[in-house]
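Asks:
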Amino acid sequence: MTSTPNEWTILSVLEWGTSYFEKKGVNNPRLSIEWLLAHILGMKRLNLYLIFDRPVSAEELQEIKPLIKRRASHEPLQYIVGETDFYNTRIKVTPDVLIPRPETEELVEQVLTSHKKGDELTVLDIGTGSGCIPIALKKNAKSWSVFGTDISSSALKIAKQNAALNDVEISFFEDDLFNSMAFVDKQFDIIISNPPYILREEESSLDDEVKNFEPDTALFCDSTQEMYQALFDFADRFLVSGGTLYLELNARTATEVDIIFENENWTASILKDLGEKPRFLVAKKI
């Protein structure tokens with residue numbers, strides 16, 4: 001950014017930033033500079049084009065420069081601005097939590113359309129991370145009693161902040177799925193989980209902004225069989241008869257998970273996401 005400050009407008013910053021990010025190999029270069037500039041100016045991204053000839057002050061340029069540098073290093077936009085949108089909900093995110101994905105919004109939609117929002121249901125999200133799943137559920141189904149667990153105390157701190165920001169009451173517990181101690185006599189009508197499901201052998205195929213910035217514990221598992229067997233065992237113990245388990249899957253290993261649920265006490269089906277990939281398992285305990 002070599003021009004003098006009084007020469008910069010919203011449009012010229014957008015054009016310069018797009019070109020710069022393209023040279024740096026950043027994903028979605030135009031969207032990236034739009035998002036950063038909108039964040040600095042405190043406005044919605046699309047509103048930039050309503051005042052594209054507005055001058056950008058020297059102070060504003062100084063604010064955006066370090067953000068551009070971070071994005072050029074492939075740091076995710078959501079971590080740079082500190083928030084993201086999930087199912088019409090604003091969620092705070094930091095490198096302590098996974099950035100919510102659109103596929104997980106599909107999982108939330110599946111849950112909400114499969115159960116009556118006015119019923120008094122008890123719901124648990126395992127591996128809650130930012131708390132985006134239970135918060136979205138509670139905002140749309142206020143009669144439900146919603147719980148969330150995570151092994152990471154840092155993630156739970158963010159989840160609790162997000163619940164407060166969205167003015168919903170969620171009960172969060174620090175808990176290890178493989179040695180669960182949070183619940184003894186509790187039973188749930190619905191259990192949900194988007195667990196770490198990427199295998200280590202897939203790490204090299206991931207974008208830099210995923211593998212270099214998002215938390216390993218939220219991304220990777222050593223064994224598909226081990227992870228989803230633990231979820232099955234937990235659900236078999238804590239899900240009510242007639243209750244439903246919703247799991248997000250790695251499309252590459254979905255059939256391995258389906259085999260786990262070939263049990264006389266369960267009925268299970270694999271559902272595809274909007275990209276036609278096998279992404280979700282919905283299992284009912286008989």
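Mapped onto the working numbering, the consecutive letters of the sequence shown carry residue numbers 1 to 286.
No residue lacks a Cβ here, since even glycine has one placed at the ideal position from N, Cα and C.
Kindly give me the distance between the Cβ atoms of isoleucine 33 and threonine 18, rounded to whole angstroms, as I take these residues to be in contact under 8 Å.
Replies: Taking the sequence shown and counting its residues from 1, one reaches residue 33 at position 33. Taking the sequence shown and counting its residues from 1, one reaches residue 18 at position 18. Indeed they touch by this definition, with Cβ atoms about 6 Å apart.
Asks: Look up aspartate 258 in the DSSP assignment and say whether it is helix, strand or coil.
Replies: Your numbering for residue 258 matches position 258 in the sequence shown. Helix, per DSSP.
Asks: Quick test of your reading: threonine 217 and threonine 253, contact by CB under 8 Å. State the CB separation rounded to the nearest angstrom.
Replies: Residue numbering aside, residue 217 sits at position 217 when the sequence shown is read from its first letter. Residue numbering aside, residue 253 sits at position 253 when the sequence shown is read from its first letter. Incorrect: roughly 19 Å between the Cβ atoms, too far for contact.
Asks: Cα separation between alanine 159 and asparagine 212?
Replies: Translated into the one-based positions of the sequence shown, residue 159 becomes position 159. Translated into the one-based positions of the sequence shown, residue 212 becomes position 212. Roughly 22 Å between the two C-alpha positions.
Asks: Quick check on the DSSP output: the beta strand (DSSP E) that includes leucine 281 runs from which residue to which?
Replies: Within the sequence shown, residue 281 is the residue found at index 281, counting from 1. Its beta strand (DSSP E) spans residues 278-285.
Asks: Check whether the Cβ atoms of isoleucine 192 and asparagine 250 sit closer than 9 Å, and answer yes or no.
Replies: Translated into the one-based positions of the sequence shown, residue 192 becomes position 192. Translated into the one-based positions of the sequence shown, residue 250 becomes position 250. No.
Asks: Apply the 10 Å Cβ neighbour rule to arginine 279 and answer buried if 16 or more other Cβ atoms are within range, or exposed otherwise.
Replies: Residue mapping note: residue 279 aligns to position 279 of the sequence shown, counting from 1. Label assigned to arginine 279: buried.
Asks: Once DSSP output is grouped into helix, strand and coil, what is the label at proline 5?
Replies: In the sequence shown, the residue the question calls residue 5 occupies position 5. Here proline 5 scores only 48 on pLDDT, less than 50, and its place in the model should not be relied on; the value that follows carries that caveat. Helix.
Asks: Would you list the residues sitting across from isoleucine 192 in a DSSP beta bridge?
Replies: Along the sequence shown, one-based indexing puts residue 192 at 192. DSSP lists Asp125 and Tyr246 as partners of isoleucine 192.
Asks: Compute the distance between the beta-carbons of leucine 124 and isoleucine 190, then report whether it is under 9 Å.
Replies: The sequence position of residue 124 within the sequence shown is 124, counting from 1. The sequence position of residue 190 within the sequence shown is 190, counting from 1. The answer is yes: Cβ separation under 9 Å.
Asks: Select from Asn265, Lys186, Asp273 and Glu209 the residue whose C-alpha is nearest the C-alpha of glycine 25.
Replies: On the sequence shown, position 25 is the one that residue 25 refers to. Of the listed residues, the one whose Cα sits closest to glycine 25 is Glu209.
Asks: For leucine 77, tell me which candidate among Val93, Glu248 and Ser204 has the shortest Cα-Cα distance.
Replies: Residue numbering aside, residue 77 sits at position 77 when the sequence shown is read from its first letter. Checked all of Val93, Glu248 and Ser204; the closest Cα to leucine 77 is Val93.
Asks: If you run the structure through DSSP and keep just helix, strand and coil, what is serine 172?
Replies: As a first step, residue 172 must be located in the sequence shown, where it is residue number 172. Correcting the residue type first, residue 172 is phenylalanine in the shown sequence and not serine. Note: phenylalanine 172 maps to strand in three-state DSSP.
Asks: At the level of alpha carbons, what is the spacing between glutamate 106 and phenylalanine 261?
Replies: Within the sequence shown, numbered from 1, the residue matching residue 106 stands at position 106. Within the sequence shown, numbered from 1, the residue matching residue 261 stands at position 261. Those two C-alpha atoms are separated by around 22 Å.
Asks: Contact check, phenylalanine 238 vs phenylalanine 183 under 8 Å by CB: the rounded distance?
Replies: Position 238 of the sequence shown holds residue 238. Position 183 of the sequence shown holds residue 183. Going by Cβ atoms, the distance from phenylalanine 238 to phenylalanine 183 rounds to 6 Å, so yes, they are a contact pair.
Asks: Kindly give me the distance between the Cβ atoms of glutamine 285 and glycine 242, rounded to whole angstroms, as I take these residues to be in contact under 8 Å.
Replies: Within the sequence shown, residue 285 is the residue found at index 285, counting from 1. Within the sequence shown, residue 242 is the residue found at index 242, counting from 1. Looking at the sequence provided, one finds lysine at residue 285 rather than glutamine. Rounded, the Cβ-Cβ distance is 7 Å, consistent with contact.
Asks: Just how far apart, CA to CA, sit tryptophan 16 and glutamate 83?
Replies: Here the question's residue 16 lines up with position 16 in the sequence shown. Here the question's residue 83 lines up with position 83 in the sequence shown. Using only the alpha carbons, I get a separation of about 24 Å.
Asks: Would you tell me roughly how many angstroms separate the C-alpha atoms of methionine 43 and alanine 268, rounded to the nearest one?
Replies: Position 43 of the sequence shown, counting from 1, holds the residue named residue 43. Position 268 of the sequence shown, counting from 1, holds the residue named residue 268. Approximately 45 Å, taken between the alpha carbons.
Asks: How would you call isoleucine 328, buried or exposed, if buried means at least 16 neighbouring beta carbons within 10 angstroms?
Replies: Since the first residue shown for the chain is 1 and the last is 286, residue 328 is missing from the structure and cannot be characterised.
Asks: Specify the secondary structure class of glycine 25 as computed by DSSP and reduced to three states.
Replies: Start at 1 with the first residue of the sequence shown, and residue 25 comes out as number 25. Glycine 25 falls in the coil class under three-state DSSP.
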